[in-house]
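Encoded as structure tokens, the structure appears first; notes follow it.
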Amino acid sequence: MDDLKEFLQGAAKFNDTESLPVKPLLERLAREGQAPEALFLTCADSRVDPLLIMQAQPGDLFILRNIGNLVPKINSKDSSVMATVEYSVGALGVKTIAICGHSDCGAMKAVLSKKDLTEMPHAKEWLAAAEQSTANYENGYDQVQFESDLPEHDKLSKVNVVTQFENLLTYPAVREGIEKNTLRLIGMWFDIGNATVEVYDPTRKTFIPIDQEEVEDHKKHPLTVTASVLGSAVACAAWDGHFDAALTAVTMIGL
Ligand SMILES: [Zn+2]
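In structure tokens:
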């Protein structure tokens, strides 16, 4: 095995010199505590760097990463996502939950090809949370349009982002936040090779590369996940027996 030098060199460099410019900010955050604007849920892929692609600083984002940027439904075996959502919304009061997928995602490739994961039983169990995304994609999910030359796994990855909001709606903290208009949901996608961040536009039903013009326009042209997408969540929630979730969603979107 290689020695640890290469791995630890970054930390040493940070302590020696690189921490200096960020020290005042970190001192303030240590004194005042954190008040992040958003919960940013993305894949564990090493090529996706939330602080870089959001041009954010320490303290700006409460970050949760897992393989495939998945949100298991409420009361599933894994409580990590549920706990993080509960805490970030309930205790930290984040105003935004962003779910960010990305190109060339190994998780999406594995579920799309129905890869044999017998040797990785926990990965297999975890990726079962992507079953709804795969079903949506294979059944011609109409909430996401794509460029025709996009690879299949990238198309699935975009469907997967939007599908996770259906699962998020099964969380009481999320339903309540949306009901009270204190929480918004945003779908994002990072194109690694093009170094471009895209945002889901529910009106155009597609992911668009975000630029200043789109940001300025967001009031008349919201980029938050809204009625058209949540319509399917109503059916999904009702199907799963979460009738209160369905009812809240119906109220929320004014049906
Ligand atoms: Zn990934």
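Per this note's numbering: the sequence shown = residues 499 to 753. In this text, a Cβ means the ideal position worked out from N, Cα and C, and glycines have one as well. Here the structure is a predicted model, which means the values were calculated and not measured.
Item to complete: Identify every residue that forms a DSSP beta bridge with E758.
Response: The chain is shown from 499 up to 753; residue 758 falls before or after that span and cannot be answered.
Discussion item. Excluding the 5 residues flanking V705 on each side, which residues of the same chain have their C-beta closer than 6 Å to its C-beta?
Written reply: On the sequence shown, residue 705 is found 207 positions in, with the first residue counted as 1. Reading off the sequence, residue 705 comes out as Phe, not Val. The answer, listed in chain order, is K656, W687, E696 and Y698.
Worksheet item: By a C-beta neighbour count over all protein chains shown, 10 Å radius and 16 as the cutoff for buried, is T515 buried or exposed?
Response: One-based indexing of the sequence shown puts residue 515 at position 17. By the neighbour-count rule (16 or more Cβ atoms within 10 Å), T515 is not buried but exposed.
Worksheet item: With 16 as the cutoff for other CB atoms within 10 Å, does K653 come out buried or exposed?
Response: For the purposes of this step, residue 653 is identified with residue 155 of the sequence shown, where counting begins at 1. A residue is called buried once 16 or more other Cβ atoms fall within 10 Å of its Cβ, and K653 is buried on that count.
Worksheet item: For Q643, which residues does DSSP report across the bridge?
Response: The residue labelled residue 643 in the question sits at position 145 within the sequence shown. T704, per the DSSP bridge assignment.
Practice prompt. Alpha carbon to alpha carbon, how far is L549 from Q555? Give it in angstroms, no decimals.
Written response: Within the sequence shown, the letter at position 57 stands for residue 555. Within the sequence shown, the letter at position 51 stands for residue 549. Q555 and L549 have their C-alpha atoms roughly 6 Å apart.
Item to complete: Check whether the Cβ atoms of I597 and G685 sit closer than 8 Å, and answer yes or no.
Response: Taking the first residue of the sequence shown as position 1, residue 597 is located at position 99. Taking the first residue of the sequence shown as position 1, residue 685 is located at position 187. Judged by their CB atoms, I597 and G685 are nearer to each other than the 8 Å cut-off.
Practice prompt. Can you give me the Cβ contacts of Q643 inside the same chain, cut-off strictly under 6 Å, excluding the 5 residues immediately before and after it?
Written response: Position 145 of the sequence shown, counted from the first residue, corresponds to residue 643. The answer, listed in chain order, is K703 and T704.
Worksheet item: So the alpha helix (DSSP H) L666 belongs to, where does it begin and stop?
Response: Looking up residue 666 in the sequence shown gives position 168. Start and end: E650 to L666.
Discussion item. Could you check whether the Cβ of G685 sits closer than 7 Å to any heavy atom belonging to ligand 1?
Written reply: As a position in the sequence shown, residue 685 is number 187, starting the count at 1. Every heavy atom of ligand 1 is 7 Å or more from the Cβ of G685, so no.
Worksheet item: Do M618 and N658 come within 8 Å of each other at the CB atom, strictly closer than that value?
Response: Sequence index remark: in the sequence shown, residue 658 carries index 160 (1-based). Sequence index remark: in the sequence shown, residue 618 carries index 120 (1-based). No, these two residues do not count as a Cβ contact at 8 Å.
Worksheet item: Between the beta-carbon of Y669 and the beta-carbon of M580, is there less than 8 Å?
Response: Locating residue 669 in the sequence shown gives position 171, counting from the first residue. Locating residue 580 in the sequence shown gives position 82, counting from the first residue. Result yes, Cβ atoms of Y669 and M580 sit closer than 8 Å.
Worksheet entry | Every unbroken alpha helix (DSSP H) inside the region 564-630 [4 residues or more] | Within the region 564-630, the complete alpha helix (DSSP H) runs of at least 4 residues are 578-588, 604-610 and 619-625.
Worksheet item: When every heavy atom of ligand 1 is checked, does at least one fall within less than 7 Å of the C-beta of H600?
Response: If you number the sequence shown from 1, residue 600 lands on position 102. Distance from the C-beta of H600 to the nearest heavy atom of ligand 1 is below 7 Å.
Discussion item. On a Cα-Cα basis, can you pick out the residue from K511, R526, E629 and L667 that is closest to I572?
Written reply: Here residue 572 is taken as the residue at index 74 of the sequence shown, counted from 1. The candidate whose alpha carbon is nearest that of I572 is L667.
Discussion item. When you measure from the CB of A605 to every non-hydrogen atom of ligand 1, does any distance come out below 7 Å?
Written reply: Sequence index remark: in the sequence shown, residue 605 carries index 107 (1-based). At least one heavy atom of ligand 1 is nearer than 7 Å to the Cβ of A605, so yes.
Item to complete: Can you tell me which of S601, M499, L568 and A542 puts its alpha carbon nearest to the alpha carbon of E650?
Response: Counting from 1 along the sequence shown, the entry for residue 650 is found at position 152. Ranking S601, M499, L568 and A542 by Cα distance to E650 puts S601 first.
Worksheet item: For D514, does the three-state DSSP call read helix, strand or coil?
Response: The residue you call residue 514 lines up with position 16 of the sequence shown. In the structure shown, D514 adopts helical secondary structure according to DSSP, grouped into three states.
Fill in: Closest Cα partner of N567 within the set R682, D709 and N665
The count along the sequence shown starts at 1 and reaches residue 567 at position 69. Checked all of R682, D709 and N665; the closest Cα to N567 is N665.
Worksheet entry | C-alpha distance - L539 paired with D500, whole-angstrom precision | Taking the sequence shown and counting its residues from 1, the one referred to as residue 539 is at position 41. Taking the sequence shown and counting its residues from 1, the one referred to as residue 500 is at position 2. Computed Cα separation, rounded: 32 Å.
Fill in: R545 to E677 span [Cα, whole Å]
Taking the sequence shown and counting its residues from 1, one reaches residue 545 at position 47. Taking the sequence shown and counting its residues from 1, one reaches residue 677 at position 179. If you take the alpha carbons of R545 and E677, they lie about 35 Å apart.
Worksheet item: For T632, which of helix, strand or coil comes out of DSSP?
Response: Here residue 632 refers to the residue found at position 134 of the sequence shown. T632: helix per DSSP, three-state reduction.
Discussion item. When you compare the CB positions of G588 and A509, do they come within less than 8 Å of one another, or not?
Written reply: For the purposes of this step, residue 588 is taken as residue 90 along the sequence shown, with counting starting at 1. For the purposes of this step, residue 509 is taken as residue 11 along the sequence shown, with counting starting at 1. No, Cβ-Cβ distance for G588 and A509 is not below 8 Å.
Worksheet item: So, T594 versus R682, is the Cβ gap smaller than 8 Å?
Response: Counting from 1 along the sequence shown, the entry for residue 594 is found at position 96. Counting from 1 along the sequence shown, the entry for residue 682 is found at position 184. Judged by beta-carbon spacing, R682 lies within the 8 Å limit of T594, meaning their Cβ atoms are closer than that value.
Worksheet item: Does the beta-carbon of A627 have 16 or more other beta-carbons within 10 angstroms, so that it is buried, or is it exposed?
Response: Locating residue 627 in the sequence shown gives position 129, where the first residue counts as 1. When all chains shown are included, A627 counts as buried.
Item to complete: With a 10 Å radius around its C-beta and 16 neighbouring C-beta atoms as the bar for buried, classify G599 as buried or exposed.
Response: As a working mapping, residue 599 is identified with position 101 in the sequence shown. Per the 10 Å Cβ criterion, buried.
Worksheet entry | For P707 and Y585, the rounded distance between their alpha carbons | Along the sequence shown, one-based indexing puts residue 585 at 87. Along the sequence shown, one-based indexing puts residue 707 at 209. In this structure, the straight-line span from the alpha carbon of Y585 to that of P707 is close to 31 Å.
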